[in-house]
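Top line first, the protein sequences correspond to chains Y and D. Going by the working numbering, the first sequence opens with residue 6, and the numbers climb by one from there. Going by the working numbering, the second sequence opens with residue 1025, and the numbers climb by one from there. Where is the CB? At the ideal position from N, CA and C, for every residue including glycine.
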Amino acid sequence: MSSSRKIRVIIAKPGLDGHDRGAKVVARALRDAGMEVIYTGLRQTPEMIVRAAVDEAADVVGLSILSGAHTALFPRIMELLKKEGVENVLVIAGGIIPEDDIPELKKVGIAEVFGPGTPLNEIVDYIKSNVKL
Amino acid sequence: MKMPAETEALSDNALVDEVLAGKRRALARLITMIENQDPAAVDTLSKLYKHTGRAHIIGITGPPGSGKSSLVTKLTTEYRKRGRTVGIICVDPSSPFTGGALLGDRIRMQEHSLDDDVFMRSMGTRGHLGGLARATSDAVKAIDASGKNVILVETVGAGQSEVEIIEIAHTVLLTDTPSTGDDIQAIKAGIMEIADIFVVNKMDLAGADKKVLEINAMLDLDTSNRSWRPPVLMTNARTGEGVEELVDRLEEHHKYLKESGMLEEKGLKRSREELRDIMELRLTKELMSALQGRKEYEAAIHRIADRDEDPYTVAQRLIAEFLADYQKKKKVKRDV
């Protein structure tokens, strides 16, 4: 990859839980891996996340969620991304997401789900080998 | 490197049309192309150029934590209230070690994140010094061409010499907070000299009045007979207090620039600098691609390191050779 082509990542917290420690740790790790990380902050609606992905021309959207609302919010985000014509973006998720929900999330287009305890370099490597630049 | 997907998917002209129509996805893609120094960006920008020069470009600079992002948010609110469309570029530093960056300005701008008439973009400096990214100036042009009335450019809030903003902004706003530094800070050269408007933010903190006095005292000492004396205002970017007056003053400054002929003058100066920068860059590129890998070039570098030759004479000789070659090539072309 040329040094002038940077991977741009949105890290967003959809929904109402107020815990963003994990999101910040991941954001920091991706920064240290040479990526440009746009952190959007807490309590984002699907519309806000998709708007950020469009304006910032994100290559990756990372969703962090602990509230259990992922089955409602993630499909909505994927639907809006499609509606805006953003289809090349790699969407990944982290937080508290039960195993049983993962197949359903993958069906709507979430590429991968990283649970608690995932080594940070696993996330970095996953992005580097799956991002569509 | 293969061409980025966005340039394959959209032909130049389609991209130009979409940017002109204000399509935010096209604008976002173009800015990415500019940031990545994609050659197609230059073609697109040259087609867009005649549609630029309409927006009021405002630079917001000042130390870290002085409330630049919050102020940008409140300025946007006020401009939207007055029916103006707004483009925003926020520059944050990239790591000099990894090249990565954490861009956090969107956090404070959530209240505008669903307004169709506000476009906001975060930008890493990617090794560029001076408070902006290399791509900032061209990104401003792209946003200008897309039809935004006001463009707010927030610089990296690093230090005292981030003065590059005066090259691209019509109006420079300098933010500061009460109780930062002593009164000597106010008479240092550099950043204090570039402001068209001073803002003492966090006016609810103790010492705000004193800060205003200090800046005014510094301005009293200015002997340079400027016809615009920078006003010193107080704001609270959290509540929005003072922002309405700030926008009044920003508009007043824009009007002053237009009526005094300064806007035209600034534009001319900007065009001169820009043309020079582009030519410099192109020339250097041509020169280096002609020299790179050539045996004499490498040998000369060794001779300089061994003190057998000096870099000044070598530079003169290499440039003379390059220009002679260039002349020859031009002649051949003409003869054909």
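Taking 7 Å as the CB threshold, Y/Met83 stays off the interface with chain D.
According to DSSP, residue pairing for D/Met1147 in a beta bridge involves D/Val1115. Around the beta carbon of D/Met1303, fewer than 16 other beta carbons sit within 10 angstroms, so the residue counts as exposed. Rounded to the nearest whole angstrom, the CA to CA distance from D/Tyr1336 to D/Asp1330 is 15 Å. Taking all protein chains shown into account, D/Met1227 has 16 or more neighbouring C-beta atoms within 10 Å of its C-beta and is therefore buried. In the structure shown, Y/Ala17 adopts extended strand secondary structure according to DSSP, grouped into three states.
Taking all protein chains in view, the Cβ of D/Arg1132 is crowded by 16 or more other Cβ atoms within 10 Å, so the residue is classified as buried. By the criterion of a C-beta distance shorter than 6 Å, D/Pro1087 is surrounded in its chain by Gly1181, once the five residues flanking it on both sides are discounted. Not a single CB atom of chain Y sits nearer than 7 Å to the CB of D/Ser1161. The beta carbon of D/Thr1068 does not come within 7 Å of any beta carbon belonging to chain Y, so the residue lies off that interface. Of all residues in the stretch 56-79 of chain Y, only Arg56, Ala57, Val59, Asp60, Glu61, Ala62 come within less than 7 Å of chain D when Cβ atoms are compared, listed by chain position. D/Asp1140 is classed as exposed because its beta carbon has fewer than 16 other beta carbons within 10 Å across all chains shown. Contact annotation: the stretch 33-49 of chain Y touches the stretch 127-137 of chain Y, with at least three C-beta pairs closer than 8 Å. In its chain, beyond the 5 residues on either side, no residue has a beta carbon closer than 8 Å to the beta carbon of Y/Lys112. Take the alpha-carbon of Y/His24 and the one of Y/Asp106: they are about 21 Å apart.
Bounds of the alpha helix (DSSP H) holding D/Asp1036 are 1036-1044. With a beta-carbon spacing of about 12 Å, D/Thr1149 and D/Ile1113 fall beyond the 8 Å limit used to define contacts. Contact between D/Asp1036 and D/Thr1056 does not hold, since the beta-carbon distance rounds to 15 Å and is not under 8 Å. Note that the C-beta distance between Y/Ile15 and Y/Ala58 is below 7 Å. Around the beta-carbon of D/Ser1146, 16 or more other beta-carbon atoms lie within 10 Å, marking it buried.
Within chain Y, the residues whose beta carbon sits less than 8 Å from that of D/Thr1122 are Arg36, Asp37, Ala38, Gly39, listed in sequence order. Pairing D/Gly1083 with Y/Asp22, the inter-Cα distance amounts to about 35 Å. When DSSP states are grouped into helix, strand and coil, D/Gln1061 belongs to the coil group. Measuring C-alpha to C-alpha distances from D/Gly1089 to each of D/Ile1167, D/Gly1128, D/Val1066, D/His1136 identifies D/Gly1128 as the nearest. Across the set D/Gly1231, D/Asp1220, D/Glu1269, the C-alpha of D/Asp1220 shows the shortest separation from the C-alpha of D/Thr1085.
From the beta-carbon of Y/Tyr131, no residue of chain D is found nearer than 8 Å; the closest lies around 17 Å away. Not a single C-beta of chain Y is nearer than 7 Å to the C-beta of D/Ser1251.
Contact annotation, D/Ala1232 with D/Met1258: C-beta distance approximately 6 Å; criterion of less than 8 Å satisfied. Burial state of D/Leu1197 is buried, judged by a 10 Å Cβ sphere holding 16 or more other Cβ atoms.
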